[in-house]
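Residue numbers (my numbering): 17 to 96.
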């Protein structure tokens, strides 16, 4: 975004929040259509200080997201 002239951090953050919210809403809709698909809610998982850049969590942030995936996988394995 900086390369495109979007220098204000608050503006970049708002743009990313909008993109991720739209993407998340679409994931929810798709998952509802396919019973075998698990939707794993991750919005709000990564804190402001756990980002590498505007769209990638750092190691700690990815770890928190991975824990949610692991929990769901474990639930599925127990019910199989």
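Every residue, glycine too, gets a C-beta built ideally from N, C-alpha and C.
In the DSSP output, which residue or residues are listed as bridge partners for residue i?
{"i": "residue 73", "result": "67"}
Which residues in the same chain as residue i place their Cβ atom closer than 8 angstroms to its Cβ, once the five residues preceding and following it in sequence are excluded?
{"i": "residue 80", "result": "61, 62, 66, 73"}
{"i": "residue 43", "result": "55"}
Starting from the C-beta of residue i, find all residues in its chain whose C-beta is less than 6 angstroms away, skip the five residues before and the five after it, and write them out in chain order.
{"i": "residue 16", "result": "Lying outside 17 to 96, the shown extent of the chain, residue 16 is not represented and no answer is given."}
{"i": "residue 53", "result": "47"}
To the nearest whole angstrom, what separates the beta carbons of residue i and residue j, a pair I think is in contact under 8 angstroms?
{"i": "residue 28", "j": "residue 22", "result": "6 angstroms"}
Within the region 31-70, ranges of the beta strand (DSSP E) (whole runs, at least 3 residues): Within the region 31-70, no complete beta strand (DSSP E) run reaches 3 residues.
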